[in-house]
Ligand SMILES: Cc1ncc(COP(=O)(O)O)c(C=O)c1O
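In full-length UniProt numbering, the protein residues as written are 1 to 390.
Written as C-alpha cells, this is what we have:
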C-alpha cells in the first residue's frame, strides 16, 4: 500500500496529549476495573426533552432535507442575538455579527486561519484548552504563552508580555469561566483587556464555552458586556455545555463584524452550514424555557460542594472552583502532575487529567470533571482517602 505523506500543515499540528491518557484508561477498562473517570469534559446528562422533540418535529420538514442556506438559517442567528440580549444585555446585528459554527471547537480553530499569517503571534493562555494551539499551528503562526497563575487569580498579566513580541501579536485567546483552572473573569479585567487590545491592535477571541456555569451566585460575564469589546473582538459560544448538546455540534461566534465575515467566508469554502433541523432545535434551546439551564448549573454546584467538602475532610487543601464544570487541584508536593494521575489510576482506578497536558504552567495540578453523580464523587474521595496522602 502506498503511504501518502500528510501536508506540512498537518505535520505542524500539536500532539494530542490526552489520546495517550485515553489509551492507558482503556487498558484498565478492558481488564475489568471499576474506573471512576473524572478526566474528561463530556457532559453526562441528556439533552433536555423539549430540544430533542423540536429536532424530531423539524426532521420531518422536507424543506430541511435540502441544502441549508450558506451561513446558517436567519432564525438561528436571530435566536443567538436574542439570547445575547436576554442573558447579557448585549445588542447584536443577527446578520453581520453572528456566525453559525459546527461547535465552538470549529470556530476556535478557524479564527486563527482567518486572521493569522506566517510569523504572526497569537497570545495563548497557559494552562489552556489545547485546541487554540491547533489553529495557530495550521496558520504557521507562533504562540506566546500567557501564564495563568493562582496568585493572579488565573488571569494573565499583560504587563509581563515583552513589547517586541506585542508588535507581532495579532490575536489573543481568553476563556472564562476557565478550562482547566475553573476561574472566572471580572469587569476590571475585561476593561483592561479592551484597552490592551486597542493599544496593540489585537483581536480578542473570548471562548465562553462555560458561560452558563457560575457558582456561589457569581454569574459569568460575557466579554461583549464590556464597553468597546465589540470593536476589538469576538466571543465564541457553544450549546454543548449549556444545554448538554455536545454531540449536536452547534455554536456561534458573535461580535466584531469583520471577524464574523472572515469566519463566514472561510466556512463558505468548507461547508454549507448545519442540518436545518439541528438549527431549529438549537433556536428552541436558546429561546425556549431556560429552567433546564438553572437545574444543570445547580447540579454542578452541588457536585462541586460534595467533592470539595470531601477533599477538605480528608486533608487535601484544594481551592473551590468558581465556574465551569471542572476543579483544578494542586497535587501533593512529592508528585508531578503525570505521576499523580498515574498513581491514582494504578492504585485506586480514578482518572484525572494531568495539568501539564494544558501547558507548562499546568504542571503541579490535575483537572477533575464534575461530570458524574454525587455518589461516585463521594466514592472517589473515599478511594483517595485509602491512599494516606495527606
Ligand atoms: C474551553 C473550551 N472551549 C471550547 C470547547 C469546545 O466545545 P464544542 O466544540 O463542543 O462547542 C470546549 C469543550 O470541551 C472547552 O472546554
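Beta carbons: idealized from backbone N, C-alpha and C, even for Gly. All figures in this text were calculated on a predicted structure; none of them were measured in a lab.
Put simply, the backbone Cα of residue 278 is about 21 Å away from that of residue 260. Residue 175: not part of any alpha helix (DSSP H); member of the beta strand (DSSP E) spanning 169 to 175, first to last residue. For residue 251, the shortest C-beta to heavy atom distance toward ligand 1 is below 6 Å. Taking the Cα of residue 88 as reference, the smallest distance to any Cα among 250, 244 and 226 is reached at 226. Between ligand 1 and residue 129, a heavy atom-to-CB distance of less than 6 Å is present.
When the beta-carbon positions are compared, residue 213 and residue 310 stay at least 7 Å from each other. Between residue 314 and residue 107, the C-beta spacing is not below 7 Å.
Sequence-distant Cβ neighbours of residue 264 in its own chain, meaning closer than 6 Å and more than five residues away, are 71 and 99. Only residues of its own chain outside the window of five on either side were considered, and among them 327, 368, 370, 377, 380 and 381 have a CB closer than 8 Å to the CB of residue 307, listed in chain order.
Contact between residue 127 and residue 361 holds, since their C-beta atoms are separated by about 6 Å, short of 8 Å. Only residues of its own chain outside the window of five on either side were considered, and among them 74 and 77 have a CB closer than 8 Å to the CB of residue 95, listed in chain order.
Put simply, of 123, 64 and 316 the residue whose alpha carbon is nearest the alpha carbon of residue 166 is 123. Taking each of 233, 142, 110 and 31 in turn and checking the Cα distance to residue 223, the smallest one comes out for 233.
In the DSSP secondary-structure assignment, residue 238 is bridged to 251.
By the Cβ rule, the segment 328 to 339 does not count as touching the segment 187 to 204, because fewer than three pairs are nearer than 8 Å. Going by DSSP, residue 144 is part of the beta strand (DSSP E) stretching over 142 to 147. In this structure, residue 285 lies away from residue 52, with their beta-carbon atoms at least 7 Å apart.
Within a 10 Å sphere around the beta-carbon of residue 159 sit fewer than 16 other beta-carbons, which makes this residue exposed. Closest option to residue 132, judged by alpha-carbon separation, among 105, 38, 303 and 92: 105. By the neighbour-count criterion, in which a residue is buried when 16 or more other Cβ atoms sit within 10 angstroms of its Cβ, residue 117 is exposed. Residue 211 counts as buried, since no fewer than 16 other beta carbons sit within 10 angstroms of its beta carbon. With 16 or more other CB atoms across the displayed protein chains lying within 10 angstroms of its CB, residue 301 is buried.
Looking at the DSSP output, residue 365 bridges to 330. Taking the Cα of residue 316 as reference, the smallest distance to any Cα among 387, 275, 26 and 358 is reached at 387. Of the candidates 140, 134, 142 and 181, 181 places its Cα closest to the Cα of residue 156. At least one heavy atom of ligand 1 lies closer than 6 Å to the C-beta of residue 238. Cα atoms of residue 196 and residue 20: separation of roughly 38 Å, rounded to the nearest angstrom. Distance from the C-beta of residue 41 to the nearest heavy atom of ligand 1 is below 6 Å.
Burial is judged here by how many other beta carbons sit within 10 angstroms of a residue's own beta carbon; residue 304 has at least 16 and is buried. The beta-bridge partner set that DSSP reports for residue 124 consists of 145. Judged by DSSP secondary structure, residue 13 falls outside any alpha helix (DSSP H); it is assigned neither H nor E.
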